[in-house]
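Before any comments, here is the structure.
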Amino acid sequence: MRLLEYQAKNLFRQHGIPVPRSVLVSSMADLRGLQYPQVLKAQVLTGGRGKAGAIQVVKDYAEAASTYPQLLGMKVKNESVHAVLAEQKQGILQEYYLSLLIDKVSAAPLFVASAFGGMDIEEVSREAPQKILKLAIDPLLGLQSFEIRKLAFFLGLPEKDLTPFMQALFEIYQAYDATLIEINPLAHTEAGLLALDAKLVLDDKARFRHEDLFTQLELEQKQNDGEYLDSSQKLAKEWEITYVPLTGDLGLVSDGAGTGMFTLDLIKDAGGFAANFCELGGLANADRMNKSLEILAQNPYVKTVMVSLIGGLTRMDDMAEGISTFVRKHPDRFKLVVRMCGTKADEGRAILAEYAIESGEDLVSEVARAVELAREAAL
Amino acid sequence: MRLLEYQAKNLFRQHGIPVPRSVLVSSMADLRGLQYPQVLKAQVLTGGRGKAGAIQVVKDYAEAASTYPQLLGMKVKNESVHAVLAEQKQGILQEYYLSLLIDKVSAAPLFVASAFGGMDIEEVSREAPQKILKLAIDPLLGLQSFEIRKLAFFLGLPEKDLTPFMQALFEIYQAYDATLIEINPLAHTEAGLLALDAKLVLDDKARFRHEDLFTQLELEQKQNDGEYLDSSQKLAKEWEITYVPLTGDLGLVSDGAGTGMFTLDLIKDAGGFAANFCELGGLANADRMNKSLEILAQNPYVKTVMVSLIGGLTRMDDMAEGISTFVRKHPDRFKLVVRMCGTKADEGRAILAEYAIESGEDLVSEVARAVELAREAAL
Amino acid sequence: MTILIDQNTRVLVQGITGSVGAFQARIMLEYGTHLVAGVTPGKGGSSFEGIPIFNDVEKAVTETAPNAAICFVPAKFVRDAALEVIQTGIPLMVLTTEGVPEKDMLEVLAYARSKGTRIVGPDTPGIISPGICKLGVHPAMMFQRGTVGLVSKSGALSYEVGRVMTEAGIGQTTVVGIGGGPIWGSRQAEIVRMFFADPETQAVVMLGEVGGRMELEAAEYIKTHPEKPVIAMIVGRSAPEGAQMGHAGAIIEGHEGTAQGKIDALKAAGVLVATKPREIPELLREIGIKA
Amino acid sequence: MTILIDQNTRVLVQGITGSVGAFQARIMLEYGTHLVAGVTPGKGGSSFEGIPIFNDVEKAVTETAPNAAICFVPAKFVRDAALEVIQTGIPLMVLTTEGVPEKDMLEVLAYARSKGTRIVGPDTPGIISPGICKLGVHPAMMFQRGTVGLVSKSGALSYEVGRVMTEAGIGQTTVVGIGGGPIWGSRQAEIVRMFFADPETQAVVMLGEVGGRMELEAAEYIKTHPEKPVIAMIVGRSAPEGAQMGHAGAIIEGHEGTAQGKIDALKAAGVLVATKPREIPELLREIGIKA
């Protein structure tokens, strides 16, 4: 889960990372009595706020009072702004970049740092990669002093100034299963080093270890959620089923990401338009199959659904049970085409046949049939 | 440093290990209002308190009031009792043994456990070693659930009951550099598992990480210290020089443990009697050499000192400086025999010659000379 | 020959009494895999289809000498289960479970590296050497003995491709599912290297996906070690671009993770790229693999 | 031949600008040891006797390719310094410092095992292959080139014995100080094994002490691998018995740590036991070692 800036900065504060003094503005009254100039920052999960005009410097109360409602009314990449953070404006001497993320290639937590931080860091990474240091930390050994020294020498910062930042980042990774913690810019100001922005992503797979924290963060984000999630997405989130909305009219459910993506490719190749990507994952059972169809049923444009199954760990008899449960409840909601083979496929197809649900073994021809039915429905 | 039982139990409590309710008795008044029967336990650093009668069960206040002064007046292996812990008597169903120590052979923290704890655990270890489980923990990985399960199955205890004990022992090892933490008995009582006794040794070499804790623990132990340390030992402790008193009259200083022990052997073989074992360790410099002679000077029986040096890391010119500093201050305190060779030995012996201090290269003949001088002094 | 598993593979099953574990263990047994031990804490001393069950892995290892393990425990217990296996020195472990926290996987893999255990997975169907040994959940009817090595990120896609190869009469030496990621115990390039070293494997089929840079690593390896013909298929040509993880994602992965970027890199390495499973047996025949 | 170090040993010195480090580095240089890099954080870019100094070990390794390291930093920094060396994969490291916390040593040794670095020490004079290479603080004048391997717990005692051997005209292949303990990176049995494998070493002299069970391990190894003659000397026959560490010490070490217990075990393993250094060259001559 992604955190809003102010949520991330609250965690930063708890772990001793210096951040500018700030107020989460809940009414105009909060803007009085601040020490101006201030920076008003829209609290949204999407990136690129600066370029979208969602961060504004205001020199006094009057300016703040006119800017605040504008920010509240705006959308950043389709996401409405529900909260604004007012932060004391800092005199910046230099902007650094510092992040810690889980690196898939080295299978290690990786610090990424540069003395050339700020908005153009991606350009630095492309044009002058030698200005960026990547430092993998041994997952069992943890962060060591010699590693902090190495980064400090690279950035030209005193070791003692950098230490609390690196230690806190590593603590946050370990304590909350963070997969990304980014400070950009890490600003050298007259008050020392400060984290001016904060990005933080927690590992949803580790939610069981941090149930209270996740619940609280979600509660804070709740009003945002409803806004840009359609009702399919809401259900998918609640049931923890992978669901990505697309723009077409042919619904798709698969029992694996790879086979799902391949089915998407085939739908496109056959001239069809997928309405979504939806996969059940490794723990696919009858209930999840049924629920995935309930999710698709939220989308009024979908009249046809392609179910693409090839069972290994997944049992086809379970899948057929899930499909028939849905069909019993909503007999005429969809035209269904089921591709089914693999573990217990004969048993599964026997169940489908009882409900007169079309099924076959060959993916390409079943996709062709589904695209054809979707086209008919669109006419 | 060794902790007194009540000090160890305070750390246990902080880490969630259940211990019996107890009071550190500082006057007879503390014995009133307790729930009897109680166990009165002399707080000394030496082991074998039970067999020495330093632990007494008292059934009521009257018995406690007569036993308490007796305990306070007694000595356990030469150590006076300055504090008594009154602890609620427990009904014991079974006695287990559980400890965590730094194992030199596997170079790992090692849990040692048995379902046959109590006073006879060493006998169990000799007679029925299969009743003891030794479980080495990977120092980088730390204690894992599967290891707790393994020990729980071995002891026949529920995993959830054993977990807080093993986790706390490992935390204490990590947090305070404990080299030994022992619970014997770990008693199964009607109130669940309880640590009835507690032994804890901290690594003196890690003092720099725990300065406050060491200082506080020492302050509490202070009155005990003075008692059984002679003035040589007090100085040696203060200056952190290895010093072990022996019963003879020939003082000994060496620049290494191995060469020191070998010199001890040679003194014995030559018919002499060493007064002590004293070695300077790896950081030997002029100041430590001088201080070691000051330590020996506290012992009035010592008139002759053998200095046994063979320099590698130690520089002989430094050593000679240290010896001559002592001789300038106390010109007639000792007859000194110095064996000196190795790094900068020529420079060192030139310095000694200025002060007319006997020195030679061959250890056996120098030891023979020192034993001869000691014998003359004794006549 | 095969890679990773063969007729001498002796398997320990973690979670053998769970519903998935028990179901899949029976199928492996029917296939002829030598299951020698099961582990379920608290059920030590009992047995499953004649296979002894132990409370802990160490005891199972002492008494039954397995040389491979497969884990069917729920995601939140995978870290502990894997560390327990690794500590005993078992050289190969398949993690089937999906949804293991990423930090847990980093720790498991670091410990595995230090002890010399090869991890395959997580979130993988495992490994099958058709007709010889099955260490996982691959549907056996879709594979047959042959001379092509098959490695795939997606389990289901490997079934898909195995099926059309088998229907076309082209069998496999070994089929390896490396798992759905995003952290992998074994990466595609490593499996390709093993296939290159296996004398019986004549060609390799590699199935990849949009995202990450693992297929690019494999392309780099194949380019510098052009030892055997490789056929690849990358799915997700039509998938929407994934959400970026702040700047850090772009700094680390650059812009190489698209399906087209991967296809280009593989072609540049001399790999034949298919767009549909049916093209794969055709391409294999063209390079001389016989049914 | 030698063990551990030879003419191809390229040495990195940690703490080269400290007083002890600088003094000993000069002596090593004079002896002919190839010092290739020094490391002192904050002094990177400067040099010492013509040897470049670096801020961190990784950079020193990249630029000067050392294959051994020696550490002269104070006890509280040894853990960090050692981990930094181990991470770069340098295969041999000598820790001279005394007083390193035991937990630090456990972590250093666990990391060293996982990365394949051999640690000698801590609290050791190091290693000398007389006339060829000196990686440590042994007083060189007490040793000469020859055919006897010498391993010792106590540094000073090895000088003592080296001196009488050298005076008697009997030289050494390599002299290894394993350190004062109580935790050892390399144990006596391991060094004995290396000497047995070295073709030039004709006999081994092992110097031990009262306490611990390391000499017993060596005795067990020698008993099962009676490959070369071994002469041992155990000091501390007259030392008072050490204070016991609660019950745990007795459970772990039993009653085997006395000098006499060790002498008995070594004799039972066929080892010749000397009681004075002077007896050692005599015993060596008796078993045919020539001056």
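Here the protein sequences line up with chains A, B, C and D, keeping their order. Here numbering that gives the first Met the number 0 is used: the first residue of the first sequence is 0, the next is one more, and so on. Here numbering that gives the first Met the number 0 is used: the first residue of the second sequence is 0, the next is one more, and so on. Here numbering that gives the first Met the number 0 is used: the first residue of the third sequence is 0, the next is one more, and so on. Here numbering that gives the first Met the number 0 is used: the first residue of the fourth sequence is 0, the next is one more, and so on. Virtual Cβ for every residue (Gly too), placed ideally from N, Cα, C.
Bridge partners of residue i, per DSSP?
i	result
residue 102/B	107/B
residue 354/A	In DSSP, residue 354/A forms no bridge with anything.
residue 188/B	91/B and 191/B
residue 78/A	75/A
residue 51/C	46/C
residue 242/A	277/A
residue 305/B	251/B and 336/B
Which two residues bound the contiguous alpha helix (DSSP H) that contains residue i?
i	result
residue 113/D	101-114
residue 70/B	60-72
residue 6/A	4-13
Specify, as a first and last residue, the run of the beta strand (DSSP E) that residue i falls within.
i	result
residue 259/C	Residue 259/C -> not in any beta strand (DSSP E); alpha helix (DSSP H) instead, spanning 258-267.
residue 38/C	33-38
residue 57/B	54-57
residue 208/B	No beta strand (DSSP E) contains residue 208/B, which DSSP labels as neither H nor E.
Quick check: the Cα distance between residue i and residue j, rounded to an integer number of angstroms?
i	j	result
residue 54/C	residue 102/D	31 Å
residue 98/D	residue 117/B	34 Å
residue 5/B	residue 38/B	13 Å
residue 90/C	residue 178/C	18 Å
residue 29/B	residue 14/B	26 Å
residue 58/A	residue 199/A	29 Å
residue 245/D	residue 119/B	Interpretation of residue 245/D is limited by its pLDDT of 49, a score under 50 that renders its predicted location unreliable; no figure is taken from the coordinates.
residue 52/A	residue 182/A	20 Å
residue 197/A	residue 24/B	54 Å
residue 57/C	residue 65/C	11 Å
residue 133/B	residue 152/C	42 Å
residue 157/B	residue 300/B	60 Å
residue 40/D	residue 148/A	8 Å
residue 139/C	residue 236/A	34 Å
residue 25/D	residue 323/B	27 Å
Give the DSSP-derived three-state secondary structure of residue i in the structure shown.
i	result
residue 83/D	helix
residue 284/C	helix
residue 244/D	With a pLDDT of 44 at residue 244/D, under the threshold of 50, the modelled position of this residue cannot be trusted; read the value that follows with caution. Here residue 244/D sits in coil by DSSP.
residue 2/D	coil
residue 37/A	strand
residue 161/A	helix
residue 272/B	coil
residue 225/B	Here residue 225/B scores only 49 on pLDDT, less than 50, and its place in the model should not be relied on; the value that follows carries that caveat. Note: residue 225/B maps to helix in three-state DSSP.
residue 78/C	helix
residue 174/B	helix
residue 260/A	helix
residue 19/B	coil
What residue from the options has the CA that sits closest to residue i's CA?
i	options	result
residue 89/B	184/B, 180/B, 134/B and 175/B	184/B
residue 145/D	157/D, 161/D, 152/D and 134/D	161/D
residue 61/C	79/C, 70/C and 86/C	86/C
residue 355/B	188/B, 327/B, 265/B and 143/B	327/B
residue 72/D	215/D, 6/D and 18/D	18/D
residue 312/A	216/C, 124/C and 156/C	124/C
residue 234/C	211/C, 222/C and 258/C	258/C
residue 340/B	128/D, 156/D and 237/D	156/D
Taking Cβ-Cβ distances shorter than 8 Å, what residues in chain G pair up with residue i?
i	result
residue 57/D	Chain labels in this structure do not include chain G; the protein chains are A, B, C and D.
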